[in-house]
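Asker: Chains as they are written, first to last, in the working numbering: chain W, 74 to 260; chain P, 74 to 260.
Submitted below is the structure of interest, expressed as structure tokens.
Protein chains: 2
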Amino acid sequence: MLYAQVHLTLPPWIHQAVEPDLVCADDESKMALAIRLSRINVDRRTGGPFGAAIFSETGRLVSVGVNRVVPLSCSVAHAEMMAFMTAQHRLQRFRLDLDDGHAFTLATSSQPCCQCFGATVWSGVRRLLIGARAEDVEELTEFDEGPLPADWVGELERRGIEVRRDIGREAAREVLAMYAATGGTAY
Amino acid sequence: MLYAQVHLTLPPWIHQAVEPDLVCADDESKMALAIRLSRINVDRRTGGPFGAAIFSETGRLVSVGVNRVVPLSCSVAHAEMMAFMTAQHRLQRFRLDLDDGHAFTLATSSQPCCQCFGATVWSGVRRLLIGARAEDVEELTEFDEGPLPADWVGELERRGIEVRRDIGREAAREVLAMYAATGGTAY
Chain W
74 MLYAQVHLTL PPWIHQAVEP DLVCADDESK MALAIRLSRI NVDRRTGGPF
124 GAAIFSETGR LVSVGVNRVV PLSCSVAHAE MMAFMTAQHR LQRFRLDLDD
174 GHAFTLATSS QPCCQCFGAT VWSGVRRLLI GARAEDVEEL TEFDEGPLPA
224 DWVGELERRG IEVRRDIGRE AAREVLAMYA ATGGTAY
Chain P
74 MLYAQVHLTL PPWIHQAVEP DLVCADDESK MALAIRLSRI NVDRRTGGPF
124 GAAIFSETGR LVSVGVNRVV PLSCSVAHAE MMAFMTAQHR LQRFRLDLDD
174 GHAFTLATSS QPCCQCFGAT VWSGVRRLLI GARAEDVEEL TEFDEGPLPA
224 DWVGELERRG IEVRRDIGRE AAREVLAMYA ATGGTAY
């Protein structure tokens, strides 16, 4: 029988771990949430060592995501993808910047892989904050970031998506190292 | 309140339109299904002009996908992504080639965009059949394929994913032209 539906879920702990009315005024506090989510996801063994969060222009939290690939049997369920989908679902917009042009920000604990890079282009976020670099991910874990355009930052910037890197990089690296040290598998 | 779940659905007509035990021995018949799905999706106005299907090594149909971006308010819900997720959900594997190394084939009516290109890398398919080219999509519709690595075919082939292009290209182009002619919007 053909499957016609997919149901993707974040772990139940997010409701305890995240204050839904959170406002993060600066980029560092936005990233701190993304990294904290990545750490809890490892501690609770609910997925890979990656977290993400989307904020409105005023810094209000819109959605969160963590990696859910193995628990959900779904290669699409990266942290950034979960954050994009839950934000769009909440706002009922297939692009976050549709209509009103608000500048939503995605904070992600590690550089987006080839899939999440592409998804970022269509998501409607206007700012991308990155913690650990691809080389950190590949140095500290066995995860692979996949093939990106040579000038991936330029490609995003030319499409109106501002990119800021190395925010909380050391804290993000710690979570990656912790995942590897506790025997977390890469896939 | 934070959204912690996303529910993605294919249109109900797929159960009437697709024989679940279908076996497609050759690449042309696999692609014919993907293109037929893209056409029905336009006719029924259930999404954009893109269809996809995944087959096992023996040619047995495993999953289908059509573009559902606007109806589901979800920029992730491209035809290929829906096919990857429903196949992985059905087989309960986060990579289709996990364990037994079977060579699953994705047939997609148009060249994967930057998001679906990256998702293909993690999906576990070993063969990629493409109908219309990116330049067909951009010539006939206002859809944008997004930034890809310069040698995207080589990147896939180096990761063990065989790429065949221009299968049913004219039939796939017809659906794109029909979508544009009936006032279908691009996004």
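Beta carbons are placed, not taken as given, at the ideal position from N, Cα and C, and that holds for glycine.
Quick check on SER183/P - is its C-beta less than 7 Å from some C-beta in chain W?
Answerer: For the purposes of this step, residue 183/P is taken as residue 110 along the second sequence, with counting starting at 1. So no, SER183/P is outside the interface.
Asker: Helix, strand or coil, according to DSSP, for ALA254/P in the structure here?
Answerer: Residue numbering aside, residue 254/P sits at position 181 when the second sequence is read from its first letter. Residue state, collapsed to three classes: helix.
Asker: Starting from TYR252/P, find everything on chain W with Cβ-Cβ shorter than 9 Å and list it in chain order.
Answerer: Indexing the second sequence from 1 puts residue 252/P at position 179. Within chain W, no residue comes near TYR252/P; the closest Cβ sits about 17 Å away, beyond 9 Å.
Asker: Tell me where the beta strand (DSSP E) around VAL139/P begins and ends.
Answerer: Looking up residue 139/P in the second sequence gives position 66. Run containing VAL139/P: 134-139, per the beta strand (DSSP E) assignment.
Asker: DSSP state of GLY204/P, grouped into three classes?
Answerer: Working through the second sequence from its first residue, we reach residue 204/P at position 131. Strand at GLY204/P.
Asker: Provide the residue(s) that pair with ILE127/W in DSSP beta bridges, ordered along the chain.
Answerer: Numbered from its first residue, the first sequence carries residue 127/W at position 54. Its beta-bridge partners are SER136/W, LEU179/W.
Asker: Kindly indicate which residue of ILE108/W, CYS97/W, ASP99/W, ARG133/W has the alpha-carbon position closest to the one of HIS175/W.
Answerer: Start at 1 with the first residue of the first sequence, and residue 175/W comes out as number 102. The shortest Cα separation from HIS175/W among ILE108/W, CYS97/W, ASP99/W, ARG133/W belongs to ARG133/W.
Asker: From which residue to which residue does the beta strand (DSSP E) around LEU81/P run?
Answerer: If you number the second sequence from 1, residue 81/P lands on position 8. Here the beta strand (DSSP E) through LEU81/P covers 78-82.
Asker: Give me the residue from ASP100/P, ASP209/P, GLU230/P with the minimum Cα distance to VAL194/P.
Answerer: Here residue 194/P refers to the residue found at position 121 of the second sequence. Of ASP100/P, ASP209/P, GLU230/P, the residue nearest in Cα terms is GLU230/P.
Asker: Residues of chain W with CB under 8 Å from ARG166/P, in chain order?
Answerer: Here the question's residue 166/P lines up with position 93 in the second sequence. Within 8 Å Cβ-Cβ: SER146.
Asker: Does DSSP put VAL96/P in a helix, in a strand, or in coil?
Answerer: Counting from 1 along the second sequence, the entry for residue 96/P is found at position 23. Correct three-state label for VAL96/P: strand.
Asker: Can you say whether ALA223/W is buried or exposed, counting buried as having 16 or more other CB atoms within 10 angstroms of its CB?
Answerer: On the first sequence, residue 223/W is found 150 positions in, with the first residue counted as 1. The residue in question, ALA223/W, is exposed, as its Cβ has fewer than 16 Cβ neighbours within 10 Å.
Asker: Whose C-beta lies closer than 6 Å to the C-beta of ARG112/W among residues of the same chain, with five residues either side of it excluded?
Answerer: In the first sequence, counting from the first residue as 1, residue 112/W sits at position 39. So the qualifying residues of the chain are VAL248.
Asker: Can you tell me whether HIS162/W is buried or exposed, with buried defined as 16 or more other CB within 10 angstroms of its CB?
Answerer: Taking the first residue of the first sequence as 1, we reach residue 162/W at position 89. Under this definition HIS162/W is a buried residue.
Asker: Can you tell which of SER183/P, PHE157/P, GLN188/P, VAL226/P has its C-alpha closest to the C-alpha of ALA207/P?
Answerer: In the second sequence, residue 207/P corresponds to position 134, counting from 1. It is SER183/P.
Asker: Ends of the beta strand (DSSP E) at GLU235/W?
Answerer: Within the first sequence, numbered from 1, the residue matching residue 235/W stands at position 162. Where GLU235/W is concerned, the enclosing beta strand (DSSP E) stretches over 235-237.
Asker: So which residues on chain W does ARG163/P lean against when the C-beta distance must stay under 7 Å?
Answerer: Your numbering for residue 163/P matches position 90 in the second sequence. Per Cβ cutoff of 7 Å: TYR76.
Asker: Comparing C-alpha positions only, which one of MET154/W, LEU75/W, GLU228/W sits nearest to CYS189/P?
Answerer: By one-based count along the second sequence, residue 189/P stands at place 116. It is MET154/W.
Asker: Closer than 9 Å between beta carbons: that is the criterion. Which residues of the segment 98-129 of chain P meet it against chain W?
Answerer: Hits within the stretch: zero.
Asker: Give the C-beta separation of PHE167/P and CYS147/W to the nearest angstrom, bearing in mind that I take them to be a contact with Cβ-Cβ under 8 Å.
Answerer: Translated into positions along the second sequence, residue 167/P becomes position 94. Translated into positions along the first sequence, residue 147/W becomes position 74. Confirmed, about 6 Å.
Asker: State the Cα-Cα distance for the pair GLN89/P and ASN140/W, rounded to the nearest angstrom.
Answerer: For the purposes of this step, residue 89/P is identified with residue 16 of the second sequence, where counting begins at 1. For the purposes of this step, residue 140/W is identified with residue 67 of the first sequence, where counting begins at 1. GLN89/P and ASN140/W: Cα-Cα distance of roughly 35 Å.
Asker: What does the Cβ neighbour count give for ALA126/P, buried or exposed, with the cut at 16 atoms within 10 Å?
Answerer: Translated into the one-based positions of the second sequence, residue 126/P becomes position 53. Result: buried.
Asker: If the cut is a Cβ gap below 9 Å, which residues of chain P does GLU228/W touch?
Answerer: Position 155 of the first sequence, counting from 1, holds the residue named residue 228/W. The answer, in chain order, is CYS187, GLY219, PRO220.
Asker: Is there at least one non-hydrogen atom of the ligand ZN closer than 6 Å to the beta-carbon of MET104/W?
Answerer: Absence of the ligand ZN from the depicted structure is noted, as is the absence of any ligand whatsoever, leaving it without description.
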